[in-house]
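So for the sequence shown, numbering that gives the first Met the number 0 puts the first residue at 0; every next one is plus one. Where a beta carbon is used, it is the ideal one built from N, C-alpha and C, also for glycine. Computed from a predicted structure; not experimentally measured.
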Amino acid sequence: MNEAFLNSVSMVTLSEMGDKTQLLALALIARFKAPVQIMLGILLATIANHFLAAAVGSTAAQFVSANVLRWTLVVLYLGFAAWVLVPDKDSDEETSNKGNAFMTTLITFFIAEMGDKTQLATVSLGAAHKDQLFLVTAGTTLGMMIADGLAVGLGPTLLKRVPMQAFRVLAALLFAFFALQIALGKTF
């Protein structure tokens, strides 16, 4: 398998654990009890959001020198390593009773991902793998589907048994590993 794809899947899957959008997926499944509509909404919102994010990163990489890009990515990944250790607060966002599960999910997920660590990670992955935009988008989308699929499919039962801090530490270590690889001049 392609390195850009595998890195994208692993980074987003781990960093999404305990993230606000995963909590949003839990809230949506509790409210609507419509897993197919919710997962379809997550899928389409993520493809759109992450394609735009990867395109921004890919475009930026074309205008920045390799050395500046390298150290920018190191700083970003170290920042992500620290950021992922901080739990997201459950904002208790209410979903609308007027819309169906699909439209509510599509809109709320697209908006919730704006400026989120997984969107910013997708920007940096797009920059790091500037010639593999579609593989980055596919990988980050699959990562979101895995993490949010756990929330939708297994719901509160799984999340009560698995400590989110373990996922946060694992994600932080992964971001730090990628930062180290880039700092040493290795691609990831």
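- The C-alpha of F174 is placed about 10 angstroms away from the C-alpha of V74.
- Between the C-alpha atoms of A33 and A44 there is a straight-line separation of about 17 angstroms.
- A146 and I28 do not touch by the CB rule: their CB atoms are close to 14 angstroms apart, not below 8 angstroms.
- Here the C-alpha atom of A111 lies approximately 16 angstroms from the C-alpha atom of V122.
- A distance below 7 angstroms between beta-carbons, with the five flanking residues on each side excluded, links G148 to the following residues of its chain, in chain order: M38.
- Taking Q21 as the centre and dropping the five residues before and after it, the same chain places the C-beta of E15, A146, D147 and A150 closer than 7 angstroms to its C-beta, in chain order.
- Contact between F31 and G138 fails: their C-beta atoms lie close to 28 angstroms from each other, not under 8 angstroms.
- In this structure, DSSP gives N66 a helical state, which the three-state scheme calls helix.
- Segment contact: the segment 45 to 57 against the segment 121 to 135, three or more CB-CB distances shorter than 8 angstroms; contact assigned.
- Residue environment analysis places K185 among the exposed positions, since fewer than 16 neighbouring C-beta atoms fall within 10 angstroms of its C-beta.
- A straight-line Cα-Cα distance of about 11 angstroms links T117 and S9.
- Pairing Q36 with F109 gives a Cβ-Cβ distance that is not under 8 angstroms.
- Closest by C-alpha distance to I46, out of L23, S64, M113 and A182, is M113.
- In the three-state DSSP reduction, A33 falls in the coil class, being neither helix nor strand.
- Cβ contact annotation for L72 (same chain, cutoff 7 angstroms, sequence separation greater than five): S123, A126, A127 and I181, in chain order.
- Looking at the backbone, the Cα of R167 and that of S64 are separated by about 32 angstroms.
- Classified as buried, Q131 has 16 or more neighbouring CB atoms from the shown chains inside 10 Å of its CB.
- In the structure shown, H49 adopts helical secondary structure according to DSSP, grouped into three states.
- Put simply, of V85, T107, N66 and A26 the residue whose alpha carbon is nearest the alpha carbon of A165 is V85.
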